[in-house]
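S.K.: In the UniProt record's numbering, the protein residues as written are 1 to 545.
By construction, the Cβ of each residue, glycine as well, lies at the ideal position given by its N, Cα and C atoms.
Model, not experiment: these values are computed from the prediction.
Sharing a structure, written as structure tokens. Questions coming.
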């Protein structure tokens, strides 16, 4: 075991394809799922921005916009031509985005499907409660027209990395500064998309190895879906101090553009059901009952511990492959795809304004309006769910008050309904004293009592002693950093998928005084079933019976 841990710590870089492909680390008592990585098409690897000098500004940070064109193929031609004709800047470091608006609305997910398994890749879409991905408006005219046509961003798909960020150490203030070095308020669409591990102190199991402690990427080629149009963009980044020159960046981008497909077909929205051949829960029901009862004993005997969140993974083997592109998707080189449909915002920052959400308690939607209302009333009146919700809301409020002069809560408690579930909900808003407080907010809001428990440290110790799975990026921060704006969600309602090897679905539930092991298991079944339905997973009749 010690040798395995030492080997993991000694890896020079998680992005090394050979090292990342060796999924063989098994540590502690946690059960490890071994993914034997198929090798999809890899874009040329770029530089790791974490290795740069975070205190040294880039010499060039620029966005260049070109006139709108009618189709993706013309946009690709325009970008390829611009790269060949561009005059190279003299600076030794920089980042440049070239973007071409497209005069038709094309869904970003359709474009990504056409790119034939390029890695790394990412896809981020508007969360279902906001309706759009960002409040950012796009200026098609580059500021030269009094009647500017502006469109809100809906979804973003990207392949390749102009620069990526990953380290063998947990995400820290230094890493955040290294990442922000490549971002600017003058270039708001240059963004780093990615995710951070749920618990940096937990050992990394093989299925999560290629993600490392965190993984962020600025896409090399990006497709932006807008409310009334689209945009194709390329980004190049370089830093001679990292032995990655402008010529290296241009050559890598040319190689990627040569393989980009400009033929985008409309996807079929009626996905056929996929037969589930086998389902393996970690932990099993017997171990789960023991874990919940142990947690309840700890809560009753330890006056400091009010709540702990325990998780489960369900490994589903399917008759046919599941495509991982969904609501958010992140897939580094030589890794499974992490994807999901999270309803829970960790925080959204725009300039100094910041918002967060408290969500707790999960109930299914009713099959009729009267039944749905009855379930809503039961959730609102449940003492157990009210306790969970109050713990989450008050914790977020205290953390925001540390970096904001005041915090407003509106609504204080109501039901938020989603297509398949409903939860208790509150929205909190404040104003940061400094944009540098963004890292403080990220590191303090995560983990929240909704995903770990309360108090955090007491809950962490119990989870470490009890759980036999590695949550990886599940329940960790997933989202993006930008120059003047950033948004992160909590990576719940999520899964890992590898072609040919099925899907691993994650779910968790809060244990407080009054919890019942069997009822908490039923809540896990509900949460996992919701993602299973979205993935169109069908249980055979012989398994159902």
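Buried or exposed for residue 402, going by 16 or more other Cβ atoms inside 10 Å?
M.R.: Indexing the chain shown from 1 puts residue 402 at position 402. Under this definition residue 402 is an exposed residue.
S.K.: For residue 335, tell me which candidate among 381, 191 and 206 has the shortest Cα-Cα distance.
M.R.: Position 335 of the chain shown, counted from the start, is the residue given in the question as residue 335. When only C-alpha atoms are compared, the closest one is 206.
S.K.: Hey, is the segment 83-93 in contact with the segment 211-231, meaning 3+ C-beta pairs nearer than 8 Å?
M.R.: Cβ pair count under 8 Å is below three, so no.
S.K.: Mind checking whether residue 233 and residue 97 have CB atoms under 8 Å apart?
M.R.: Taking the chain shown and counting its residues from 1, the one referred to as residue 233 is at position 233. Taking the chain shown and counting its residues from 1, the one referred to as residue 97 is at position 97. It is a contact, given that the beta carbons lie within the stated cut-off.
S.K.: Which ranges would you report for the alpha helix (DSSP H) in the segment 445-526 if only whole runs of at least 4 residues count?
M.R.: Listed in chain order, they are 456-466.
S.K.: Per DSSP, what kind of secondary structure is residue 351 in: helix, strand or coil?
M.R.: Residue numbering aside, residue 351 sits at position 351 when the chain shown is read from its first letter. Looking at residue 351 - three-state DSSP - the assignment turns out to be coil, as it is neither helix nor strand.
S.K.: Select from 62, 90, 493 and 460 the residue whose C-alpha is nearest the C-alpha of residue 202.
M.R.: To locate residue 202, count along the chain shown from 1; it is residue 202. When only C-alpha atoms are compared, the closest one is 460.
S.K.: Considering only residues of the same chain and omitting the five flanking positions on each side of residue 458, which have a CB-CB separation below 6 Å?
M.R.: Here the question's residue 458 lines up with position 458 in the chain shown. Around residue 458: 304 and 305.
S.K.: Return the chain-ordered list of same chain residues with a C-beta closer than 8 Å to the C-beta of residue 431, the five sequence neighbours on each side being excluded.
M.R.: Within the chain shown, numbered from 1, the residue matching residue 431 stands at position 431. So the qualifying residues of the chain are 352, 353, 354, 404, 405 and 406.
S.K.: Would you kindly work out how many angstroms separate the C-alpha atoms of residue 79 and residue 249, rounded to a whole number?
M.R.: One-based indexing of the chain shown puts residue 79 at position 79. One-based indexing of the chain shown puts residue 249 at position 249. Near 15 Å, if we compare the C-alpha coordinates of residue 249 and residue 79.
S.K.: Please report the distance separating the alpha-carbon of residue 333 from that of residue 74.
M.R.: Here residue 333 refers to the residue found at position 333 of the chain shown. Here residue 74 refers to the residue found at position 74 of the chain shown. Spanning the two alpha carbons is a distance of roughly 29 Å.
S.K.: Would you report the Cα separation of residue 99 and residue 478, rounded to the nearest angstrom?
M.R.: The residue labelled residue 99 in the question sits at position 99 within the chain shown. The residue labelled residue 478 in the question sits at position 478 within the chain shown. About 25 Å.
S.K.: Looking at residue 212 and residue 168, is the spacing between their C-beta atoms short of 8 Å?
M.R.: By one-based count along the chain shown, residue 168 stands at place 168. By one-based count along the chain shown, residue 212 stands at place 212. Taking 8 Å as the Cβ cut-off, residue 168 and residue 212 qualify as a contacting pair.
S.K.: Need the endpoints of the alpha helix (DSSP H) that residue 389 sits in, please.
M.R.: Translated into the one-based positions of the chain shown, residue 389 becomes position 389. Note, residue 389: alpha helix (DSSP H), 383-401.
S.K.: Measuring alpha carbon to alpha carbon, tell me which of 291, 163, 199 and 266 ends up nearest residue 235.
M.R.: The count along the chain shown starts at 1 and reaches residue 235 at position 235. It is 163.
S.K.: Return helix, strand or coil for residue 358, following the three-state DSSP convention.
M.R.: On the chain shown, residue 358 is found 358 positions in, with the first residue counted as 1. Three-state result, residue 358: strand.
S.K.: Going by alpha carbons, who is nearest to residue 284 out of 259, 257 and 313?
M.R.: Translated into positions along the chain shown, residue 284 becomes position 284. Closest by alpha carbon: 313.
S.K.: Can you find at least 3 beta carbon pairs, one from the segment 103-113 and one from the segment 59-78, that sit closer than 8 Å?
M.R.: The segment 103-113, when compared against the segment 59-78, does touch it at the 8 Å Cβ threshold.
S.K.: Below 6 Å CB to CB, which residues in the same chain sit around residue 348 once its five sequence neighbours on both sides are set aside?
M.R.: In the chain shown, residue 348 corresponds to position 348, counting from 1. Result list for residue 348: 355 and 487, in chain order.
S.K.: Am I right that residue 182 and residue 237 are in contact with their C-beta atoms under 8 Å? What's the rounded C-beta distance?
M.R.: Mapped onto the chain shown, residue 182 falls at position 182. Mapped onto the chain shown, residue 237 falls at position 237. Between residue 237 and residue 182 the Cβ distance is about 6 Å, and since that is below 8 Å, they are a contact.
S.K.: Do residue 292 and residue 517 have their beta-carbon atoms positioned less than 8 Å apart in this structure?
M.R.: Taking the chain shown and counting its residues from 1, the one referred to as residue 517 is at position 517. Taking the chain shown and counting its residues from 1, the one referred to as residue 292 is at position 292. Taking 8 Å as the Cβ cut-off, residue 517 and residue 292 qualify as a contacting pair.
S.K.: Just verifying my parser: in three-state terms, what is the DSSP assignment at residue 174?
M.R.: Position 174 of the chain shown, counting from 1, holds the residue named residue 174. It is helical.
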